[in-house]
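J.:
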């Protein structure tokens, strides 16, 4: 089996990044490296590590437990755009860095000039979007009707505690 070759720009080469890079599996015999990364890295660096696993297309090389952690971070809106860019089909909706909400490759505008900032998917698959309009923050639930290709934005600011507890 061939090894995956990773590239790191010169500007980002430092001892910490080198260590994290060495923990990304290059082939199926190095799956144990994800467990080592989880033990030796801080929570913040572990999330960075999982993002690098996606970027370097090593998702299929990490054990299932770490794949589940990646999926949770995607559902919480932390790695959702990255999941789309790397084409792993782990989600069909995300918020772009420009504040656009995308679902199934289609951009959906939020009501009243609001701009999307964060997308969260709960355990039932409901999609919530945190949005701002410059003055206020609101939480909307995205409801998509496949039969008529219609969508509804339902304001759910009062349900924020339920979403955060997820």
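In the numbering used here, the protein residues as written are 31 to 196.
For each residue, glycine too, the CB sits at the ideal point set by N, CA and C.
Tell me the rounded alpha-carbon separation between residue 74 and residue 108.
T.: 12 angstroms
J.: Take residue 183 and list the residues in its own chain whose beta-carbon comes closer than 7 angstroms to its own, dropping the five residues that flank it on each side.
T.: 140, 141, 170, 172
J.: Which of the three DSSP states is assigned to residue 148 in this structure?
T.: strand
J.: Look up residue 142 in the DSSP assignment and give the residues it is bridged to.
T.: Answer is none; residue 142 lacks a bridge partner.
J.: Helix, strand or coil for residue 113 per DSSP?
T.: helix
J.: Could you tell me whether any non-hydrogen atom of the ligand ATP is closer than 7 angstroms to the CB of residue 152?
T.: Because no ligand of any kind appears in the structure shown, any question about the ligand ATP cannot be addressed here.
J.: Going by alpha carbons, who is nearest to residue 56 out of 92, 81, 163, 186?
T.: Closest by alpha carbon: 92.
J.: Any beta carbon from chain D within less than 8 angstroms of residue 187's own beta carbon?
T.: Here there is only one protein chain, and chain D is not present.
J.: According to DSSP, residue 184 sits in a beta bridge with which residue or residues?
T.: 171
J.: Between the Cα of residue 166 and those of 134, 147, 138, 88, spot the shortest distance and give me the residue it belongs to.
T.: 147
J.: Rounded to whole angstroms, what's the CA-CA distance from residue 94 to residue 101? Just pull it up for me.
T.: 10 angstroms
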